[in-house]
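*Asks:*
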Amino acid sequence: MNYITQVQVNSEEEMRALGRQLVGDVASGDVVYLGGELGVGKTTLARAMITAWGYLGRIKSPSYGLIEVYPMPDGGQVAHLDLYRLEGGEALYDLGLESYLNGRTIVIIEWPERATGYLPDPNWQIHISDGHASGCQTAPDPDLRQVVIQSKRPLTKPDPQQPNR
Ligand SMILES: Nc1ncnc2c1ncn2[C@@H]1O[C@H](COP(=O)(O)OP(=O)(O)OP(=O)(O)O)[C@@H](O)[C@H]1O
Ligand SMILES: [Mg+2]
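To get my numbering, take the position in the sequence shown, counting from 1, and add 680.
1) Going by beta carbon distance, what residues of the same chain come within less than 6 Å of residue 802, once the five residues before and after it are set aside?
2) Name the DSSP beta bridge partners of residue 714, please?
3) Residue ranges of each alpha helix (DSSP H) run of no fewer than 4 residues wholly in the region 691-770, ordered along the chain?
4) Any heavy atom of ligand 2 closer than 7 Å to the beta-carbon of residue 731?
5) For a quick check, are the C-beta atoms of residue 823 and residue 691 less than 8 Å apart?
6) What's the gap between the Cα of residue 681 and the Cα of residue 808?
7) Label residue 791 either buried or exposed according to how many other C-beta atoms from any shown protein chain fall within 10 Å of its C-beta, with 16 as the threshold for buried.
8) Alpha carbon to alpha carbon, what distance is there between residue 767 and residue 746?
9) Mapping the DSSP letters down to three states, classify residue 777 as helix, strand or coil.
10) Roughly how many angstroms separate the alpha carbons of residue 832 and residue 738, rounded to a whole number?
11) When we look at the beta-carbon of residue 718 and count the other beta-carbons within 10 Å, is it buried (16 or more) or exposed?
12) Can you give the Cα-Cα distance for residue 725 and residue 754, rounded to whole angstroms?
13) Count the other C-beta atoms from every protein chain shown that fall within 10 angstroms of the C-beta of residue 727, then say buried if there are 16 or more, exposed otherwise.
14) Just checking residue 743 against ligand 2 - is the residue's beta carbon closer than 7 Å to any of the ligand's heavy atoms?
15) So who's on the other strand from residue 683, going by DSSP bridges?
16) Can you give the beta carbon distance from residue 743 to residue 774, rounded, assuming they're within the 8 Å contact cut?
17) Rounded to the nearest angstrom, how far is the Cβ of residue 786 from that of residue 715, given a contact under 8 Å?
Below, the structure is given as structure tokens:
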């Protein structure tokens, strides 16, 4: 990964704005790892991206089914995985992940560390943390997040601190 961008996100709406901004950079066939603790905002970001790519229906969290696949208006698709409940990396084969590694599907993976050694290398590694991770003593702002984006290509928008609205 050659590029690292850190973004402070102050609210859920700003997280959605960051998702809308990222869709211009994530390309067909890319694999996106989405890391961070339980409830930190991974699905919120993934949903914003899937909507911004043009999927108009409801986007479920894949927490139980582990994988949801969405057709896109351009003929491609997005596979959204949540591996928190995956029982061992071998179980990935049952999800049929391989069939989505076809260059036409964007693959977004929450909890990739549950399948270390079984997943394709990422083009993007996004990590979200909340105030608890910073070690500050006072009560952290419950909506504040730090997002670290590692990528093989630079982001086209140089200052993601000011996402498009
Ligand atoms: N800045 C923020 N960005 C994203 N979500 C936020 C933010 N502030 C508060 N929230 C809230 O945090 C929650 C995030 O839930 P979400 O399902 O996106 O987390 P997750 O990381 O996918 O969890 P899980 O690990 O269970 O999959 C939502 O209830 C959302 O309203
Ligand atoms: Mg989630």
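Beta carbons: idealized from backbone N, C-alpha and C, even for Gly. None of the values given here were measured: they were computed from a predicted structure.
*Replies:* Based on what the coordinates show:
1) As a first step, residue 802 is located in the sequence shown; it is residue number 122 there, counting from the start. Result list for residue 802: 711, 713, in chain order.
2) Mapped onto the sequence shown, residue 714 falls at position 34. For residue 714, which the question treats as bridged, DSSP gives the partners 790, 806.
3) 692-702, 722-732
4) By 1-based counting over the sequence shown, the position of residue 731 is 51. No, since every heavy atom of ligand 2 falls outside the 7 Å radius drawn around the Cβ of residue 731.
5) Locating residue 823 in the sequence shown gives position 143, where the first residue counts as 1. Locating residue 691 in the sequence shown gives position 11, where the first residue counts as 1. A contact, by the Cβ cut-off of 8 Å.
6) Stepping through the sequence shown from its first residue, residue 681 is reached at position 1. Stepping through the sequence shown from its first residue, residue 808 is reached at position 128. Cα-Cα distance, rounded: 17 Å.
7) Working through the sequence shown from its first residue, we reach residue 791 at position 111. Buried, by the Cβ-count rule.
8) Start at 1 with the first residue of the sequence shown, and residue 746 comes out as number 66. Start at 1 with the first residue of the sequence shown, and residue 767 comes out as number 87. Answer to the nearest angstrom: the Cα atoms are 11 Å apart.
9) Residue numbering aside, residue 777 sits at position 97 when the sequence shown is read from its first letter. Residue 777: helix per DSSP, three-state reduction.
10) As a first step, residue 832 must be located in the sequence shown, where it is residue number 152. As a first step, residue 738 must be located in the sequence shown, where it is residue number 58. Residue 832 and residue 738: Cα-Cα distance of roughly 30 Å.
11) Taking the sequence shown and counting its residues from 1, the one referred to as residue 718 is at position 38. That one is exposed.
12) Within the sequence shown, the letter at position 45 stands for residue 725. Within the sequence shown, the letter at position 74 stands for residue 754. Between residue 725 and residue 754, the C-alpha separation is close to 21 Å.
13) By one-based count along the sequence shown, residue 727 stands at place 47. Its Cβ being crowded by 16 or more others within 10 Å, residue 727 is buried.
14) Locating residue 743 in the sequence shown gives position 63, where the first residue counts as 1. Correct: residue 743 has its Cβ closer than 7 Å to ligand 2.
15) For the purposes of this step, residue 683 is identified with residue 3 of the sequence shown, where counting begins at 1. Residue 683 pairs with 831.
16) On the sequence shown, residue 743 is found 63 positions in, with the first residue counted as 1. On the sequence shown, residue 774 is found 94 positions in, with the first residue counted as 1. No, residue 743 and residue 774 are not in contact; Cβ-Cβ is about 17 Å, not under 8 Å.
17) Sequence index remark: in the sequence shown, residue 786 carries index 106 (1-based). Sequence index remark: in the sequence shown, residue 715 carries index 35 (1-based). With a Cβ gap of about 17 Å, residue 786 and residue 715 do not count as contacting.
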